[in-house]
Structure formats: C-alpha cells, structure tokens
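Trainee: In the working numbering, the protein residues as written are 11 to 524. Where a beta carbon is used, it is the ideal one built from N, C-alpha and C, also for glycine. The structure's right below; bear with me while I get my questions together.
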Ligand code: ADP
Ligand code: MG
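Structure follows, in structure tokens:
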C-alpha cells in the first residue's frame, strides 16, 4: 500500500520537473512515466486540456509511452469533478480530475489488471498528486509561455539587427536571417530554416527540403508572392496546433515573412531610386553630348560640302589620269559617307519638335518590313510579325518613326549573322502603343548595354556601324514623349520595347485601315 511519504516523493518529483523549464509535452511524458513506476498499475494516461483539445500521454507497462492530440469529445467520459473508480470482474480503473480551482486542466486515468486496485486511501493519494500536478502545470504553462515569448522576441530582435545594417547584401542578409530562425522554435536542435526569394534559396544545413514536418509563410511584396519562409523539423514531434508547431510559432513565422517583405520592398525602392538617378545623369550626359555634336555637325558640314563640291569638280577635269580619277572617286565617296553621318547627327540632336500628324504605327511597321523581307530570307532569319488589331495611332513624324523602326531592325539583323528568329510585335497597352523588336542574336553584355545610347558607341567595324543608330532612335522616341527600353543577354538575344503615347483615339475610329 502507498503511504503518505510516497505521495510526498512523487509530488516533489513532479514539482522538480516543473522547475526544470521543460516544454509541456516533455513534462507530461515524465509525469506519466513517474506515475506508472510508482503506481504498480498496467497503464497510466495523463489527459491535459490544450485549448479545444486534449493532449493525451499514455504510458503502459508493455507498450511504452505515446503522445497524441485528441478532440475534446474523447475526454467527455471523464468530465467528473470527483475521483471515480470503475470495478470490473478482473480489473479496475481510476479516474482523477486535475483541477486548479474551478478550472479543469485534465485527468489522470490509471488501469490495473487487478480487481480493487484502488481503495479509498489510494484514491486520496492520487487526488493529492492531481492537486500537485495542477499547480505544477500552471507553472509549466506560464514558464513555457514566457520562454516562447522570449525566444520570439530574441528572434525578432536578431532579425531587426541584421536588416538594419545598411551595407549588407540582400543575399547575405537572407542567409543570416535563415540562420537565426531555428532558435525561435520549440525544438531548435532539429529545426531547419529556409528563405526562398525569387527562386533563390537561403537555408540552414539541416533544413529538410521536402520534409514532412514543415511550417510556411509566404513573402508578399506589394501584393505579389515572391517567395516564402519555411521551418522544418527533421524528426517527428508530438502533434500540437499545426503539426508539431505551436500557434505562437505560426504568428512568429508570419511576422518574419512580413518583415522580410518590408525589407525587400525598401531595398528595391532604393535600387529604383539609384536607377532613376543614373538614368537622369545619362540623359544629362546625352543632352550635353547632343549640343556638342550639333555644334560639331554644323562646323563639319561646311568643309565637307566644299570637299564634296570640289571632288566632283576635280572628277570632271578633262585629261585626268585614270588613277587620279579613281582616287578622287574614293574621296568623294568617303566625303558623302561623312556627310551621311553628319546628317544623322543632326537628326539625333534635332532641337525642333517632330512634325505632328496622326500616324498609324502598324502602317509604319508594315511598310518598313518590306525592305527587310528578302534580306531576312537570304540570311536565314525567320521573320515573325504580329500586329495589334487595336488602333495603333500616335501623333508624330512618320519619317522619324520609320527611322526608329529601321535602326532597330538593322541592329537585330546585324546581331544574327548566322540566322535566327526576329519577332516584330505591336500592342496597345492602356494609353500607350508598343513596338517590340526581339532577336535571338548575339546579345550584349552589361558594358555594351550600358553604353548603347551613347553617341558613336559601337562594337562594329568602321563600315558596318556608326554608333548612332540607337542614340538617334532614343532622341526621336523621347521627342515623341515615349520611351525605349532595351534588354539583352549575351548569347541569347535582345529585346527592344518602344512605348509611345497613343493618339487620342476619340473620333478616329476606323482610321487605321491603310
Ligand atoms: P551601331 O549599330 O552603328 O553600332 P547602334 O547605336 O545602333 O550603333 O548600336 C550600338 C551598339 O549596341 C552596337 O554596336 C551593338 O554592339 C549594340 N547593339 C545594338 N542593338 C543590338 C542587338 N539587337 N543585338 C546585339 N547588340 C546590339
Ligand atoms: Mg545600329
């Protein structure tokens, strides 16, 4: 028979567990085991209320210990306030409520294969144990709540320290945040973390990619999902609110994901600002260069005209030796070429606004394409043209717009010396019309791409390129109130997108047939 002393021993053991700061699931397993060894029963179940469910820990002499979460219904049969005994022919059971004041925290359920294993004294004994358990549980609950909160705050504090560093690269930052996340979870030793952003993965070594036990939260930047934050456990743990995870951990994870989204948003806004500044600087440089070029063009134009004129005169000189005639022809040819460059320079630096008339961009493209069809066929370039059925009217100068189209097409052809695919598209987008020219040619690296709008920048041989095609196109498009964006990858191809303001289409329906 169990004595008073033993009840004290068991109780103080329970209190000792409670003071060790273990998590609730560990605590309840220790208690179940302790009760099993001290009770001489076959099986002990400890049922603990966990919000709207019961955490059930079963310890049996023959089948070890197990933990499970059960619906509140499963415990309904035990909803008594008194210890209750069940006698059976060859066995007996005891049910003891665990109460803290009026609050029902759970039950102890002991089973014995002996008849009358639980006389009144034993019932009193377990009632005492249940009371101790109740206060120990309050302690454990408080302590683990506090511990969870501290972990959560430590984790968030760590994150904000990392994200506040101004010069850390985004990828380094994400990796470091991933590294500190596991410490915020209930079982840090088996927890792995991963942050996925735009297809890049930042994970801790023990993150389990397709792990069974995972908790995730999406990273939403300005309404768009860019990735997620994920915590995985490498081993099974007792079922809690969300698999083996706590409600508090769900909240923490959501906070981390939101914090990441905010940081990414902030960083990208900074980059965008830098980009705009850069664009502005470049535009300024372009304008300065433009003025310089305009001055130069005028000055060169005069001597060039003389050169052309006199070369023509000299060429007509009677009795000119054949060799001199050929040389003069070369002078003339070179001067004419130079004059062509000057003419383009003037277009590029044109100060006067373009002629204003209603232009159908589809018509410009369709007419312009005629020049290229046979050349494409000859050079093994497949030409794919799809023009928008919507009205593509713009206000502008048809000659200049044709020039833009031609310049972009010529570049695309140059980029595909051994054939490829050339796509030409027009499209309406809100109050803009788009012209897209895309090739599968040699593409550009960063350095080239950064310089394409700089006058005279060229990667081509002297007689193939002047380095004025794109600056001229840029000048024309800008003076039409539009933009031109070029994206490219070395070895993959280039895409040029010209956006122009759509003409006011009211009253002009049916104006786009020709
Ligand atoms: P040019 O064609 O006379 O060299 P551009 O201003 O038209 O001058 O183009 C400048 C440079 O940009 C080219 O020399 C080339 O290196 C690069 N480029 C332009 N368009 C393309 C393209 N579609 N594919 C690859 N590179 C291009
Ligand atoms: Mg060109």
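Going by beta carbon distance, what residues of the same chain come within less than 7 Å of residue 80, once the five residues before and after it are set aside?
Mentor: For the purposes of this step, residue 80 is taken as the residue at position 70 of the chain shown. Once the five neighbours on either side are set aside, the close Cβ partners of residue 80 are 63, 64 and 66.
Trainee: Quick one: give me the first and last residue of the alpha helix (DSSP H) that residue 456 is part of.
Mentor: Looking up residue 456 in the chain shown gives position 446. Where residue 456 is concerned, the enclosing alpha helix (DSSP H) stretches over 456-461.
Trainee: Any heavy atom of ligand 1 inside 6 Å of the beta-carbon of residue 476?
Mentor: Taking the first residue of the chain shown as 1, we reach residue 476 at position 466. Indeed, a heavy atom of ligand 1 lies less than 6 Å from the Cβ.
Trainee: Can you give the Cα-Cα distance for residue 25 and residue 188, rounded to whole angstroms?
Mentor: The residue you call residue 25 lines up with position 15 of the chain shown. The residue you call residue 188 lines up with position 178 of the chain shown. Each residue's alpha carbon lies about 37 Å from the other.
Trainee: What residue ranges within the stretch 33-85 form continuous alpha helix (DSSP H) runs of no fewer than 4 residues, ordered along the chain?
Mentor: Fully enclosed alpha helix (DSSP H) runs of 4 or longer: 34-49.
Trainee: Within 10 angstroms of its Cβ, does residue 125 collect 16 or more other Cβ (buried), or is it exposed?
Mentor: Here residue 125 refers to the residue found at position 115 when the chain shown is read from its first residue. With fewer than 16 Cβ atoms within 10 Å of its Cβ, residue 125 is classed as exposed.
Trainee: Check whether the stretch 443-460 touches the stretch 501-511, taking contact to mean three or more Cβ pairs, one atom from each stretch, closer than 8 Å.
Mentor: With a cut-off of 8 Å, the stretch 501-511 and the stretch 443-460 count as touching, because enough Cβ pairs lie within range.
Trainee: Would you call the stretch 369-384 and the stretch 325-340 touching, i.e. three or more CB-CB distances under 8 Å?
Mentor: No: the two stretches stay apart, fewer than three of their Cβ pairs being nearer than 8 Å.
Trainee: Looking at the structure shown, is residue 123 part of a helix, part of a strand, or coil, going by DSSP?
Mentor: The residue given as residue 123 occupies position 113 in the chain shown. Coil at residue 123, not helix or strand.
Trainee: Measuring alpha carbon to alpha carbon, tell me which residue in 381, 223, 205 and 319 is nearest residue 235.
Mentor: Translated into the one-based positions of the chain shown, residue 235 becomes position 225. When only C-alpha atoms are compared, the closest one is 205.
Trainee: Kindly identify the DSSP beta-bridge partner or partners of residue 117.
Mentor: What you label residue 117 is simply residue 107 of the chain shown in a count that begins at 1. DSSP lists 57 and 107 as partners of residue 117.
Trainee: Do residue 464 and residue 351 count as a contact pair if the criterion is CB distance below 7 Å?
Mentor: Along the chain shown, one-based indexing puts residue 351 at 341. Along the chain shown, one-based indexing puts residue 464 at 454. The answer is no: Cβ separation not under 7 Å.
Trainee: DSSP three-state label for residue 235, please.
Mentor: For the purposes of this step, residue 235 is taken as residue 225 along the chain shown, with counting starting at 1. Strand.
Trainee: Give me every residue whose Cβ sits closer than 5 Å to any heavy atom of ligand 2, in chain order.
Mentor: Taken from the N-terminal end onward, the list reads 421 and 479.
Trainee: So residue 479 is in the alpha helix (DSSP H); what residue range does that whole segment cover?
Mentor: The residue you call residue 479 lines up with position 469 of the chain shown. Segment 479-489, the alpha helix (DSSP H) holding residue 479.
Trainee: Start and end of the alpha helix (DSSP H) containing residue 3?
Mentor: Past the edges of the chain, shown from 11 to 524, lies residue 3, and the structure says nothing about it.
Trainee: Considering only the alpha carbon of each residue, which of 406, 38, 207 and 191 lies closest to residue 513?
Mentor: For the purposes of this step, residue 513 is identified with residue 503 of the chain shown, where counting begins at 1. Minimum Cα distance to residue 513 is reached at 406.
Trainee: Any contact of the stretch 134-152 with the stretch 241-258, i.e. 3+ C-beta pairs under 8 Å?
Mentor: No, the stretch 134-152 does not touch the stretch 241-258.
Trainee: Is residue 452 near residue 425, with beta carbons less than 7 Å apart?
Mentor: Your numbering for residue 452 matches position 442 in the chain shown. Your numbering for residue 425 matches position 415 in the chain shown. Cβ distance < 7 Å, so residue 452 and residue 425 count as in contact.
Trainee: Check whether the Cβ of residue 470 sits closer than 6 Å to any heavy atom of ligand 1, and report yes or no.
Mentor: Working through the chain shown from its first residue, we reach residue 470 at position 460. For ligand 1, at least one heavy atom lies less than 6 Å from the Cβ of residue 470.
Trainee: According to the Cβ coordinates, are residue 398 and residue 436 closer than 7 Å?
Mentor: The residue labelled residue 398 in the question sits at position 388 within the chain shown. The residue labelled residue 436 in the question sits at position 426 within the chain shown. In contact: residue 398 and residue 436 (Cβ atoms closer than 7 Å).
Trainee: Should the stretch 126-139 be regarded as contacting the stretch 151-169, the criterion being three or more beta carbon pairs within less than 8 Å?
Mentor: Flag = no, the stretch 126-139 and the stretch 151-169 do not touch.
Trainee: Specify, as a first and last residue, the run of the alpha helix (DSSP H) that residue 386 falls within.
Mentor: Translated into positions along the chain shown, residue 386 becomes position 376. 371-388 is the span of the alpha helix (DSSP H), which, as asked, contains residue 386.
Trainee: Hey, would you say the C-beta of residue 416 is under 6 Å away from at least one heavy atom of ligand 1?
Mentor: Counting from 1 along the chain shown, the entry for residue 416 is found at position 406. Every heavy atom of ligand 1 is 6 Å or more from the Cβ of residue 416, so no.
Trainee: So is the beta-carbon of residue 487 under 6 Å away from any non-hydrogen atom of ligand 1?
Mentor: Taking the first residue of the chain shown as position 1, residue 487 is located at position 477. No.
Trainee: Residue 391 bridges to which residues according to DSSP?
Mentor: The residue you call residue 391 lines up with position 381 of the chain shown. 430.
Trainee: Given a cut-off of 7 Å, decide if residue 132 and residue 118 are closer than it, judged by their beta-carbon atoms.
Mentor: Position 108 of the chain shown, counted from the start, is the residue given in the question as residue 118. Position 122 of the chain shown, counted from the start, is the residue given in the question as residue 132. No.
Trainee: So what's residue 244 in DSSP terms, helix, strand or just coil?
Mentor: Residue 244 sits at position 234 when you count from the first residue of the chain shown. Coil, per DSSP.
Trainee: Using only CA atoms, which one of 427, 444 and 428 lies nearest to residue 434?
Mentor: For the purposes of this step, residue 434 is identified with residue 424 of the chain shown, where counting begins at 1. Closest option to residue 434, Cα to Cα, is 444.
Trainee: Note down the Cα distance separating residue 181 from residue 60, rounded to an integer number of angstroms.
Mentor: Position 171 of the chain shown, counted from the first residue, corresponds to residue 181. Position 50 of the chain shown, counted from the first residue, corresponds to residue 60. Their backbone Cα atoms lie some 40 Å apart in a straight line.
Trainee: Can you check which of these residues, 411, 344, 169 and 389, is closest to residue 367 by C-alpha distance?
Mentor: Working through the chain shown from its first residue, we reach residue 367 at position 357. Among 411, 344, 169 and 389, the Cα nearest to that of residue 367 is on 411.
Trainee: Using the C-alpha atoms, what's the distance from residue 502 back to residue 417?
Mentor: Numbered from its first residue, the chain shown carries residue 417 at position 407. Numbered from its first residue, the chain shown carries residue 502 at position 492. Cα-Cα distance, rounded: 20 Å.
Trainee: Does the pairing of the stretch 206-221 with the stretch 251-259 give three or more beta-carbon distances under 8 Å?
Mentor: As far as the Cβ criterion goes, the stretch 206-221 does not touch the stretch 251-259, which means the pair count is below three.
Trainee: Residue 153 to residue 147, Cα distance in whole Å?
Mentor: Indexing the chain shown from 1 puts residue 153 at position 143. Indexing the chain shown from 1 puts residue 147 at position 137. Each residue's Cα considered, the two are about 10 Å apart.
Trainee: At a cut-off of 6 Å, would you count residue 425 as near ligand 1, judging by its Cβ distance to the nearest heavy atom?
Mentor: Within the chain shown, the letter at position 415 stands for residue 425. Answer for residue 425: yes, Cβ within range of ligand 1.
Trainee: Please state if the CB of residue 390 and the CB of residue 415 are separated by a distance shorter than 7 Å.
Mentor: Along the chain shown, one-based indexing puts residue 415 at 405. Along the chain shown, one-based indexing puts residue 390 at 380. Not a contact, by the Cβ cut-off of 7 Å.
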